[in-house]
Amino acid sequence: MHGLINRALENFLKQRHGLVLWKRVVERAQLPFDSFEPLLTYDPAFTDRVIAVACDELNQSHETLLEDMGTALVSHRDRDGLRRLLRFGGISFRDFLHSLEELPDRARLALPDLYLPELRLEERAAGQFALMAAPPFEGAGFILMGLLRAMADDYGALVLLDITPTVSDVDVISIYLLDESHAEGRRFALSAGAP
Amino acid sequence: MTGCSAVADGCLSVAGHCMGRLGLSTDAIARLMPMHLHLSRNGHITAHGPTLTKIASGTPLIGNNFFDLFAVRRPAGVAAMADLIAHQGARLHLGLRAGGAEFRGLAMPDLSGGIMLNLSFGIGVVDAVRAHALTDADFAATDLTVELLYLVEAKRAVLGELQRLNLRLQGAKSHAEELALTDTLTGLRNRRALDVALMQAAAARAPFALMHLDLDRFKSVNDTLGHAAGDHVLRVVAKVLSDETRTGDLVARVGGDEFVILLPGMTDVASLTGVAERIIAGLAQPIIFESRACQIGASVGLTVSTLYPNPEAEVMLHDADIALYAAKGAGRGRVVTFSAHMPQV
Numbered sequence: 640m641h642g643l644i645n646r647a648l649e650n651f652l653k654q655r656h657g658l659v660l661w662k663r664v665v666e667r668a669q670l671p672f673d674s675f676e677p678l679l680t681y682d683p684a685f686t687d688r689v690i691a692v693a694c695d696e697l698n699q700s701h702e703t704l705l706e707d708m709g710t711a712l713v714s715h716r717d718r719d720g721l722r723r724l725l726r727f728g729g730i731s732f733r734d735f736l737h738s739l740e741e742l743p744d745r746a747r748l749a750l751p752d753l754y755l756p757e758l759r760l761e762e763r764a765a766g767q768f769a770l771m772a773a774p775p776f777e778g779a780g781f782i783l784m785g786l787l788r789a790m791a792d793d794y795g796a797l798v799l800l801d802i803t804p805t806v807s808d809v810d811v812i813s814i815y816l817l818d819e820s821h822a823e824g825r826r827f828a829l830s831a832g833a834p
Numbered sequence: 003m004t005g006c007s008a009v010a011d012g013c014l015s016v017a018g019h020c021m022g023r024l025g026l027s028t029d030a031i032a033r034l035m036p037m038h039l040h041l042s043r044n045g046h047i048t049a050h051g052p053t054l055t056k057i058a059s060g061t062p063l064i065g066n067n068f069f070d071l072f073a074v075r076r077p078a079g080v081a082a083m084a085d086l087i088a089h090q091g092a093r094l095h096l097g098l099r100a101g102g103a104e105f106r107g108l109a110m111p112d113l114s115g116g117i118m119l120n121l122s123f124g125i126g127v128v129d130a131v132r133a134h135a136l137t138d139a140d141f142a143a144t145d146l147t148v149e150l151l152y153l154v155e156a157k158r159a160v161l162g163e164l165q166r167l168n169l170r171l172q173g174a175k176s177h178a179e180e181l182a183l184t185d186t187l188t189g190l191r192n193r194r195a196l197d198v199a200l201m202q203a204a205a206a207r208a209p210f211a212l213m214h215l216d217l218d219r220f221k222s223v224n225d226t227l228g229h230a231a232g233d234h235v236l237r238v239v240a241k242v243l244s245d246e247t248r249t250g251d252l253v254a255r256v257g258g259d260e261f262v263i264l265l266p267g268m269t270d271v272a273s274l275t276g277v278a279e280r281i282i283a284g285l286a287q288p289i290i291f292e293s294r295a296c297q298i299g300a301s302v303g304l305t306v307s308t309l310y311p312n313p314e315a316e317v318m319l320h321d322a323d324i325a326l327y328a329a330k331g332a333g334r335g336r337v338v339t340f341s342a343h344m345p346q347v
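Chains as they are written, first to last, in our numbering: chain A, 640 to 834; chain B, 3 to 347.
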């Protein structure tokens, strides 16, 4: 598993739940280090153990923890690098949804060894989408759902999201786009630091 | 050959569907090329894309002479319509005379004798997008500018991570160096390794000897022949010291040209003096560096644990140093054994 994903999980646990929890997770998950390096690659078993121990420590379900993490990835005000990179995908939430199929290729443009699961978007009816993804580890679909929820807020769109349990290794997230300009959303300038 | 209606000067839209001609509305052209300029036969701007309106920031473009507002920087000498036509199809570098934007351009003549000139930002795109607060809508849907900006930002993020990784590695490296026991230049043991071994030897109450060796005239080799020569000399010295001692002896470089040798189990001053004299003789041989001879020498101060009722590492190191001082005082190139009557340094 790419270090970037592990590090995102680590940062989320540290920021949301504190350093003490992270240290307990390191210990109980028997990590041979105390922090993930974002640019290295790790045994996927580490990721599974970190998630399992964190859920147990916090007495939370996989679903809740991972969806929270997905939301935190883009809504954290001090670190908006990922949010900005995702906003390059399109000028509206609908545009953004369509850009998701390009996301793995975009990610590889930045980091050639970062493999994100293939994403497929189907428009089933007006404003009704299904996003299909093969999760790289159990529960990854919930991270994606949290991330979509936060991005909808970012664009100021009103959406309803739902995820079906993984069937034959594919998560299906249903997206009902109720109102594309429900709220103002957050500002996005193409160039960081533009006036 | 033509069969097409002539297009009036200053009119961009071309009616009819003649062979090889496209009928495009000004709006369509603006969408396809949001940064185009159309110039009439006499060089006046007759139409332009909407993104250029933003960039000109208030300066009216239509009706003005292109060469009054823009300067073609490369190729040199493009100052009139005929020059632009002569360079059709070539990459042009141009900028606003008032400043604020530099472009790449491509000029092609149209059927009316005017010119269609399409612009892009070229390499300055990131600054231009920031300076003019451009958005996705300011670029054609086929344009990769937004992807370029995405890459610039992704690259900055990755470089930031790499920089942090390097800092952490640097920290880990210095930490490892602090814990290291080897002198990286000579491969001998270092001060830290000596301190540990000496402490253990003193605590074990087993007999041992200590030699403190200082090179003579090393500084002048460094000063006259340079550091590379100095480094070479130190490596040769290390080899002589290793060759003249036993496997179980510890040879440490403790300063620039200072060495300490710990010899476990040896207390006989006569044989120790013999060892030291062989080392001194070895180091008196000229050392060749890049076909130049470096002449150094060595002085040795010696002490043995049997001289002390309670041998202590620090005291013995100090006494070996006193003996070394005495050896230097007596004319260098010799070994002196410590005795209690020696003057303190």
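We put the CB at the ideal spot given by N, CA and C, even for glycine.
Run through the DSSP bridge pairs and tell me what Asp801/A is partnered with.
Beta-bridge pairing links Asp801/A to Ser813/A.
Should Pro36/B and Asp140/B be called a contact, given that it needs their Cβ atoms to be closer than 8 Å?
Yes, these two residues count as a Cβ contact at 8 Å.
Rounded to a whole number of angstroms, what is the C-alpha to C-alpha distance between Ala283/B and Leu164/B?
Between Ala283/B and Leu164/B, the C-alpha separation is close to 52 Å.
For a cutoff of 8 Å on Cβ pairs, would you count Leu660/A as touching chain B?
No, because no Cβ of chain B sits closer than 8 Å to the Cβ of Leu660/A.
Pick out the complete alpha helix (DSSP H) segments inside the stretch 179-227 of chain B, 4 residues or longer, and give them in chain order.
The stretch 179-227 of chain B contains these whole alpha helix (DSSP H) runs: 193-206 and 220-227.
Considering Asn120/B, what are the terminal residues of the beta strand (DSSP E) in which it resides?
Run containing Asn120/B: Ile117 to Ser122, per the beta strand (DSSP E) assignment.
Just checking my contact of Leu215/B with Ile298/B at CB under 8 Å: how many whole Å lie between their CB atoms?
In fact, because the Cβ distance is near 12 Å, the residues do not count as touching under 8 Å.
Based on Cα-Cα distance, which residue from Lys662/A, Ala769/A, Asp695/A and Glu649/A lies nearest to Ala711/A?
The candidate whose alpha carbon is nearest that of Ala711/A is Glu649/A.
What is the rounded straight-line gap between the Cα of Ala746/A and the Cα of Asp682/A?
Their backbone Cα atoms lie some 20 Å apart in a straight line.
Quick check: the Cα distance between Asp752/A and Val127/B, rounded to an integer number of angstroms?
So the two alpha carbons sit approximately 27 Å from each other.
Would you list the residues sitting across from Arg294/B in a DSSP beta bridge?
According to DSSP, Arg294/B bridges with Phe291/B.
The beta strand (DSSP E) spanning Ser301/B covers which residue range?
Here the beta strand (DSSP E) through Ser301/B covers Gly299 to Val306.
Closest to Phe123/B by CA distance: which of Thr144/B, Ser114/B and Ala103/B is it?
Among Thr144/B, Ser114/B and Ala103/B, the Cα nearest to that of Phe123/B belongs to Ala103/B.
Rounded C-beta distance between Ala49/B and His40/B? I'm assuming under 8 Å.
The pair is a contact, with the Cβ atoms about 4 Å apart (cut-off 8 Å).
What do you reckon, are the CB atoms on Leu770/A and Ile730/A nearer than 8 Å?
No, these two residues do not count as a Cβ contact at 8 Å.
Any C-beta of chain A sitting closer than 8 Å to the C-beta of Thr53/B?
No, its Cβ sits nowhere closer than 8 Å to a Cβ of chain A.
Does any CB atom of chain B fall closer than 8 Å to the CB of Leu736/A?
Chain B contact via Cβ: absent.
For my contact list, Leu274/B and Leu304/B are in at a C-beta cut-off of 8 Å; report their separation, rounded to the angstrom.
Right, the Cβ-Cβ distance comes to about 6 Å (below 8 Å), so this counts as a contact.
Should Ile117/B go down as buried or exposed, given a rule of 16 or more other Cβ atoms within 10 Å for buried?
With 16 or more Cβ atoms within 10 Å of its Cβ, Ile117/B is classed as buried.
Comparing C-alpha positions only, which one of Val131/B, Pro111/B, Ala82/B and Ile87/B sits nearest to Phe105/B?
Closest option to Phe105/B, Cα to Cα, is Val131/B.
Measure the alpha-carbon distance for Val835/A versus Ala240/B and round it to whole angstroms.
Here chain A covers residues 640 to 834 and nothing more, so residue 835/A does not appear.
Where does Thr686/A sit, in a helix, a strand or coil, going by DSSP?
Helix.
Hey, which unbroken runs of the beta strand (DSSP E) at 3 residues or more fall wholly within the stretch 65-137 of chain B?
For the stretch 65-137 of chain B, whole beta strand (DSSP E) runs of length 3 or above, ordered along the chain, are 72-76, 93-98, 104-111 and 117-122.
Any beta carbon from chain A within less than 8 Å of Glu104/B's own beta carbon?
Output row for Glu104/B: interface = no.
Quick check on Ile644/A: does DSSP put it in helix, strand or coil?
The answer is helix: DSSP assigns Ile644/A an H, G or I state.
With 8 Å set as the bound, which would you pick, yes or no: does the beta-carbon of Glu666/A sit closer than that to a beta-carbon of chain B?
Not one chain B Cβ lies under 8 Å of Glu666/A.
Can you pull out the residues from the stretch 746-774 of chain A whose beta carbon lies closer than 9 Å to at least one beta carbon of chain B?
So the close ones are Ala746, Leu748, Ala749 and Leu750.
Taking 8 Å as the cut-off, does the stretch 189-209 of chain B touch the stretch 782-802 of chain A (at least 3 CB pairs, one atom from each stretch)?
Short answer: they don't touch.
Closest to Leu678/A by C-alpha separation, out of Leu161/B, Asn120/B, Lys330/B and Gly250/B, would be which residue?
With distances taken between Cα atoms, Leu678/A lies closest to Leu161/B.
Do Val713/A and Leu704/A come within 8 Å of each other at the CB atom, strictly closer than that value?
For Leu704/A and Val713/A, no; Cβs fall outside 8 Å.
Run through DSSP, which three-state label would Thr339/B get?
Three-state result, Thr339/B: strand.
At what residues does the beta strand (DSSP E) containing Arg826/A begin and finish?
Careful: Arg826/A lies outside any beta strand (DSSP E) and carries neither H nor E.
If you count every other CB in all the chains shown that lies within 10 Å of the CB of Gly594/A, and 16 or more means buried, which is it?
Missing from the structure shown is residue 594/A; chain A here goes from 640 to 834 and no further.
I want to verify the contact list: residues of chain A whose CB lies under 9 Å from the CB of Leu167/B, in sequence order.
Glu676, Pro677, Leu678 and Leu679, listed in chain order.
Go ahead and pull the three-state DSSP assignment for His46/B.
If DSSP states are grouped into helix, strand and coil, His46/B belongs with the strands.
Taking the alpha carbon of Gly258/B as the point to measure from, which residue in Leu71/B, Val235/B and Gly173/B has its own alpha carbon closest?
For the residues Leu71/B, Val235/B and Gly173/B, the minimum Cα distance to Gly258/B belongs to Val235/B.
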